[in-house]
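Q: Protein sequence lines correspond, in order, to chains P and L.
344 is the number of the first residue of the first sequence in my numbering; add one for each residue after it.
2 is the number of the first residue of the second sequence in my numbering; add one for each residue after it.
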Amino acid sequence: MGAWIMAGITFREAARKKILWTALLAGAGFLLVFGIGLHFQVGDLKNSAVPPFLRYQVISAMLMIGLYTVDLLAVVMTTLTSVDTIAGEITSGTIHAIATKPMDRWQILIGKWLGFVAMAAVYVALMFGGAIAEGYYIGGVLAQHPLNGVLLVFLECVVALSVTFMFGTWFSTLTSGVITLGLLGVAFLGGWLEQMSGFTEGSRLAMVGIISSLVMPSEAVWRRAAFEMESPLSGSLQFSPFSDISIPSGAMIGYAIVYLLIALGIAVYHFRERDL
Amino acid sequence: MFGEKVAVRDLTLSVRRGEIFGFLGPNGAGKSTSIKMLLGLATPSGGEAWVLGAPAGNVEIRRKIGFLPENFRFYEWLTPAELLHLHGRLCGVPSSKLEERVPALIDLVGLTPHINKRLQNFSKGMLQRAGLAQALVHEPELIFLDEPTSGLDPLGRRMVRDIIRAQRDRGATVFLNSHILSEIEITCDQVVFIREGEVVTSRDLHAQQEEAVRVDVRAKKLSPECIEGLARWCDSAHADEERLTLTTSSRGRLPDILRYLVGSGAEVYQFTPQRMTLEELFISVMGEDRGF
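Printed below as a string of structure tokens:
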């Protein structure tokens, strides 16, 4: 019961943060620019000699780039809105009035986590829904398996959220934010290194990418999402940077789920044990 | 312990149910840490504590405990009513009871004119009032108040004093940590002084009324024999011309002393018993300028 009350209040708290509204504003701006760009691209292609089947692949690739932007916005927004919730409330003493209520501390942490999970779900649904709708109504293309893609991007946000919570039980707001964003950077770089290794079949480069993905699997989850959503022809023609050169396996998705559960478990354990 | 620093050691306290207990000590004495340990916010490295018959930090027993943290802060976008509803729900108070209790509590702490304002527009004193109300929303048996009058004006302090007494009158125990000794003195039944995490001394403030008093006397014709004779009732007697200062262990002896002085031929113009204030006691226990 306590966890659900905390989830509700955290959702409302998160929804009032300026960073969320800034991210929504940035998202709306992105959708506007993306829509305009898509509109012009469709017009230009119609007036060109590009064969219709290739036009479709070019628009599909544009959609993937748009979805990737949405993915980045969602992960960064999830991290920045949640980074203060544990560390900040411990520092300010706000947590004292809550942690002395008749509920175990795990309920506080899980409740807060659920609140942010709900917020991330709404954000991802809104932004992805917007981008996919624009792709369909303006560009006339539809992502392959959009539900799989959205769920995977949502998973990526939850991974980032759980890591943020884990560090928030140890460090200050600023420190845990820097560490989490640093890990996301490592994952980003690792993902691209692994992708690049596909061109040369370089196993050493691929290994660096895989290790980076094991340290922080967020980017690997995105690349799997991209594989799910991209049209097979566009992928094999390598029209977009997310073409299926090196596709994370289902096992990597399983690893990401275990990873987030472990991060959350550590967060709960440490939050229960530490002095407030 | 915080790293190498020992915050609290050999702290033995016993608080009777239904009393207002004052917890005193200079800054850094370990007061807030002690409260945190009793509430389960901090885990002691050794020893044990029992609160309302259960180990300190017991989750279920917290249903019977209210807590006002020092410098109360909460989500600033809430109104006082929303704040109290939230804390009431977390304490398991049914919604129907909250509907009645919340407006009454807001009125009790003097926030009715601000009922629709958000906490972000509250002054420090108003936040403190809201914090006090959240500590009482579930009618706890034991209430920990950490500096409850911090930021309050004199009227606010008086209101807090009245609320604390009302809580005791309904049977609650109040554990009060405050720097304002005059408040403690007129509110508490028992006080404990701690320094560097250890209990230095304790006082029953009701019994204190019967304890040692100092009497300032102004009189003429005070003979040395008369002053020596005071030893029957007094612990000390020091004369300086017409001024006589004496101490006695009981107020009950004062009429006998006065009768004796007059009977010995002294012309008494002034006979003023001086009870030691808590502040004087605090300074005598802690020493001067210890950062309090």
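Backbone N, C-alpha and C define an ideal beta-carbon position, used for all residues, glycine too.
If you're wondering where the values come from, they're calculated on a predicted model, not measured in any experiment.
#1: Mind checking aspartate 414 of chain P: buried by the 16 CB within 10 Å criterion, or exposed?
#2: Shortest alpha-carbon distance to leucine 457 of chain P belongs to which of P/Val501, P/Asn491, P/Tyr466 and P/Ile362?
#3: Could you pull out every unbroken alpha helix (DSSP H) segment of at least 4 residues lying fully inside the segment 379 to 436 of chain P, listed in chain order?
#4: Do you know offhand how far lysine 98 of chain L's Cα is from glycine 89 of chain L's?
#5: Would you give the residue range spanned by the alpha helix (DSSP H) that leucine 40 of chain L belongs to?
#6: Against chain P, with Cβ distances strictly below 8 Å, would phenylalanine 75 of chain L count as a contact?
#7: Cα-Cα, which of L/Gln135, L/Pro45 and L/Ala82 is closest to arginine 10 of chain L?
#8: What do you get for glycine 292 of chain L, buried or exposed, if any count of 16 or more other CB atoms within 10 angstroms of its CB means buried?
#9: Are any of the Cβ atoms in chain B nearer than 8 Å to that of threonine 428 of chain P?
#10: Tell me, please, which residues DSSP counts as bridged to tryptophan 51 of chain L.
#11: Taking phenylalanine 354 of chain P as part of the alpha helix (DSSP H), name the residues at either end of that continuous run.
#12: Please report how far the alpha carbon of tyrosine 480 of chain P lies from the alpha carbon of phenylalanine 383 of chain P, in whole angstroms.
#13: Below 8 Å on the Cβ atoms is my guess for alanine 463 of chain P versus serine 519 of chain P; work out the distance and round it to an integer in Å.
#14: Look up leucine 146 of chain L in the DSSP assignment and give the residues it is bridged to.
#15: Which residues in chain P have a C-beta closer than 7 Å to the C-beta of arginine 63 of chain L? List them in chain order.
#16: Using 8 Å as the limit for Cβ to Cβ distance, is cysteine 500 of chain P near chain L?
#17: For arginine 359 of chain P, which of L/Gly23, L/Leu128, L/Leu53 and L/Trp78 has the nearest alpha-carbon?
#18: Quick one: is valine 161 of chain L near chain P, going by C-beta distance under 8 Å?
#19: Have a look at isoleucine 164 of chain L and glycine 157 of chain L and give me their C-alpha separation to the nearest angstrom.
#20: Give the C-beta separation of leucine 146 of chain L and asparagine 178 of chain L to the nearest angstrom, bearing in mind that I take them to be a contact with Cβ-Cβ under 8 Å.
#21: Thinking C-beta only, is alanine 474 of chain P closer than 8 Å to leucine 388 of chain P?
#22: Residues of chain L with CB closer than 9 Å to the CB of serine 592 of chain P, please, in chain order.
#23: Taking C-beta pairs closer than 8 Å, name the residues in chain P that phenylalanine 68 of chain L reaches, listed in chain order.
#24: I'd like to know if glycine 431 of chain P contacts chain L, where contact means its C-beta is closer than 8 Å to some C-beta of that chain.
#25: At a Cβ cut of 8 Å, what residues of the segment 85 to 97 of chain L count as close to chain P, listed as they run along the chain?
#26: With a cut-off of 8 Å, do at least 3 Cβ pairs link the segment 266 to 284 of chain L to the segment 186 to 197 of chain L?
#27: Does arginine 291 of chain L come out as helix, strand or coil in the three-state DSSP assignment?
#28: Work out the CA separation of isoleucine 228 of chain L and alanine 240 of chain L for me, nearest whole Å.
#29: Identify every run of the alpha helix (DSSP H) within the segment 217 to 247 of chain L, keeping only runs that are complete inside it and at least 4 residues long; order them along the chain.
#30: Given a limit of 8 Å on CB to CB distance, which residues of the segment 39 to 61 of chain L reach chain P?
#31: Going by other Cβ atoms of all chains shown within 10 Å of its Cβ, with 16 needed for buried, is alanine 357 of chain P buried or exposed?
#32: Taking 8 Å as the threshold (beta carbon to beta carbon), is leucine 619 of chain P in contact with chain L?
#33: Kindly indicate which three-state DSSP category glutamate 77 of chain L falls into: helix, strand or coil?
#34: Is it buried or exposed for glycine 198 of chain L, if we count other Cβ within 10 angstroms and need 16 for buried?
A: In short:
#1: buried
#2: P/Val501
#3: 395 to 425 and 430 to 435
#4: 9 Å
#5: 32 to 40
#6: yes
#7: L/Pro45
#8: Unreliable positioning characterises glycine 292 of chain L in this predicted model, as indicated by a pLDDT of 46, which lies under 50. A coordinate reading is not provided.
#9: Chain labels in this structure do not include chain B; the protein chains are P and L.
#10: L/Pro56
#11: 345 to 358
#12: 13 Å
#13: The pair is not a contact, with the Cβ atoms about 17 Å apart (cut-off 8 Å).
#14: L/Leu69 and L/Leu177
#15: Thr443, Lys444 and Pro445
#16: no
#17: L/Trp78
#18: no
#19: 10 Å
#20: 7 Å
#21: no
#22: Result: empty, since nearest Cβ-Cβ is about 43 Å, beyond 9 Å.
#23: His439, Ala440 and Thr443
#24: no
#25: Leu87, His88, Arg90, Leu91, Cys92 and Gly93
#26: yes
#27: Confidence at arginine 291 of chain L is low in this model, with a pLDDT of 48, below 50, so its placement is unreliable and the value that follows should be read with caution. Three-state DSSP puts arginine 291 of chain L in coil, outside helix and strand.
#28: 8 Å
#29: 225 to 230
#30: Leu40, Gly41, Leu42, Ala43, Thr44, Val60 and Glu61
#31: buried
#32: yes
#33: coil
#34: buried
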